[in-house]
Amino acid sequence: MMRHSYEQGYTPANVIDASQLDQHAVNGYMAKVFGWMFFGLLLTTLTTFGIVYGINVNEAFADFILRIQGIVWLVFIAQFAMVMAISARVTKMNPSTARLLYMVYAIINGFTFGLFAVLYAAATEGGIHTLGMAFGISAVCFGIMAIYGMVTKSDLTRFGNLLWVGLIGLIIISVVNIFIGNGFIDFLICVVGLFLFLGITAHRTHMIKNYYAQIALSPENTYVDEYGNTQQNALSSNLAIVGALMLYLAFINIFMFVLRLLGGGGSRR
């Protein structure tokens, strides 16, 4: 996971405590972030279901999917490019464009998950049941950590660099273990990765909430509409999309690690 625009210039010293804002405004903003996050997951889920259903009921569709599965690596490149585009151009992008890119990203992710689900179900006994169980466990764990990040009075921002270093270390060890193929190391990667992304969920939620204070109270990011009401410019809207993307990616990673543990992918040998 990359560092997003939320982290640029983000320190406890230059962020106003969210408690200084109207709590309804804070709750409304966070509801918007989580709304987009869950909408992205819904698009991914529906696309995944569509791929799985189509492969099972339509032979021509199944043949088509099998023919194009070789270009999945291009899909991953496209996904990475979209994440980079949304994150890097958050201050300049039209809100409609940011939303469209986010939705396209979620749909493309659903395509890759659809292929994965079909292969996983075919290769694993009780694969569909395991997928459902992993999703449920992931949703509960994610929800608990997101709520903690929302309500805690502790300053979680100080853990940002630690989580980032831990993520880099996890990626390096994962790449090394591709060549080693050690089952016990793979199990440790799954366990550490799961707890790492649970921590990232709480940290990101806490950071999104507090960063809103900096944006909402900044004069250059507000304007008065024709009715005399103070409104926020496109930046706040785009940041909600970036926040949703950050949480979406955290949930996807939690799901994948839970699935690996339940499916025996991280079993010790």
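Numbering (the working numbering), first residue to last: 25 to 293.
Note that CB positions come from ideal geometry on N, CA and C, so glycine has one too.
Is the beta carbon of residue j closer than 9 Å to that of residue i?
i	j	result
residue 15	residue 269	One cannot answer for residue 15 here, as it falls past the ends of the chain, which runs 25 to 293.
residue 157	residue 229	no
residue 281	residue 221	yes
residue 117	residue 109	yes
residue 70	residue 275	no
residue 196	residue 209	no
residue 50	residue 141	no
residue 112	residue 261	no
residue 287	residue 126	no
residue 139	residue 89	yes
So the candidates are the options; which of them puts its Cα closest to the Cα of residue i?
i	options	result
residue 54	232, 275, 276	232
residue 171	273, 123, 225, 135	225
residue 185	154, 223, 159	223
residue 152	73, 272, 133, 281	73
residue 217	139, 204, 285	285
residue 272	204, 63, 235, 181	63
residue 159	58, 68, 120	68
residue 97	106, 136, 107	136
residue 166	52, 197, 58	58
residue 277	161, 206, 176, 173	161
residue 279	155, 206, 125, 128	155
residue 175	213, 234, 219, 206	234
residue 227	79, 119, 188, 207	188
residue 132	120, 119, 106	106
In the DSSP assignment, the alpha helix (DSSP H) including residue i goes from what residue to what residue?
i	result
residue 91	83-92
Does the distance between the C-beta of residue i and the nearest non-hydrogen atom of the ligand NAD fall short of 8 Å?
i	result
residue 187	The ligand NAD is absent from the structure shown, which contains no ligands of any kind.
Problem set entry | Sufficient close CB pairs (3 or more, under 8 Å) joining the stretch 260-275 to the stretch 190-202 | Touching, no.
For this session: Let me know the alpha helix (DSSP H) ranges lying completely inside the stretch 142-205, each 4 residues or longer, listed in chain order.
Result: 151-175, 184-204
Exercise. Just checking, does the stretch 96-112 make contact with the stretch 72-85 on the three C-beta pairs under 8 Å criterion?
Worked result: no
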